DNA sequence: CCCTGATTCGC
DNA sequence: GCGAATCAGG
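In the UniProt record's numbering, the protein residues as written are 1 to 208.
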């Protein structure tokens, strides 16, 4: 397999979308993630800058970017999920979130999305915006989505790499663990890691 | 343990 | 130029 123009294009696109090298390799087929990474480097787009031509030119100091101009209002999320405290306090409460349909440019088989979630106000292109953070709304939305396809594992079915996020009330029959694949040493899947580890900022105190 | 990207170096 | 092996995190 060689790096045909098309393949390189796909590589660039996916890399730009923030896809991991292994994902790209899998998509392209016939190459390993090493090959992908190697190519990425050779193309000089190892860093996620690439974009905006402006190659070379001054490369002295980087803008500190004190504040990201994000006009996106915060739709008072409804976080009932507990934030991992010190080293105890396990979350054990789940509220019947409506599970909004989050749709990306991924393969969406047949998702009758009737309700669109206008998180982004301005109707601009909105390319793969890295977004500094802003996990709250998104993370919560993802959790809701995730809980829909959670494997609902029982305690004994949990393995080293299954998400151990508890859902439901342990006192009822409606209790299970997420069970989705956790990634690295973390006890939770990506989505739950997102809510478990709050930036320690955000709502100082909750209204109650 | 699983994953990530980064780098090296023989080809 | 290519990519497996290796390195260095998480």
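Note that CB positions come from ideal geometry on N, CA and C, so glycine has one too. Note that this is a predicted model, so its numbers are computed, not measured.
Burial check for residue 44: the Cβ neighbour count within 10 Å stays below 16, so the residue is exposed.
Per DSSP, the unbroken beta strand (DSSP E) holding residue 168 starts and ends at 166 to 168.
Sixteen is the threshold: when 16 or more other Cβ atoms of the shown chains lie within 10 Å of the Cβ of residue 7, as they do, the residue is buried. Taking a 10 Å sphere around the C-beta of residue 147, we find 16 or more other C-beta atoms and assign the residue as buried. Taking all protein chains in view, the Cβ of residue 155 is surrounded by fewer than 16 other Cβ atoms within 10 Å, so the residue is classified as exposed. Rounded to the nearest whole angstrom, the CA to CA distance from residue 153 to residue 4 is 44 Å. By DSSP's assignment, residue 162 forms a beta bridge with 181.
Around the beta-carbon of residue 29, fewer than 16 other beta-carbon atoms lie within 10 Å, marking it exposed. Taking all protein chains shown into account, residue 41 has fewer than 16 neighbouring C-beta atoms within 10 Å of its C-beta and is therefore exposed. Residue 150 sits buried, since 16 or more C-beta atoms from the chains shown fall within 10 Å of its C-beta. Shown here for residue 158: same chain residues with a beta carbon closer than 8 Å to its own, the five before and five after excluded, namely 164, 177 and 179 in chain order. Of all alpha-carbon atoms in 188, 168, 172 and 175, the one lying nearest the alpha-carbon of residue 161 is that of 188. The three-state reading of DSSP puts residue 153 in strand, counting E and B together. Note on the stretch 4 to 29: whole alpha helix (DSSP H) runs with a minimum of 4 residues are 5 to 16 and 21 to 28, in chain order. Our two residues, residue 32 and residue 174, have alpha carbons roughly 42 Å apart in a direct line. Only buried fits residue 21, as 16 or more other CB atoms lie within 10 angstroms of its CB. Taken atom to atom, the span from the alpha-carbon of residue 196 to that of residue 170 is near 19 Å. Apart from sequence neighbours up to five positions away, the residues of its chain that approach residue 37 with a beta-carbon distance below 6 Å are 21, ordered along the chain. Around the CB of residue 2, fewer than 16 other CB atoms lie within 10 Å, so the residue is classed as exposed.
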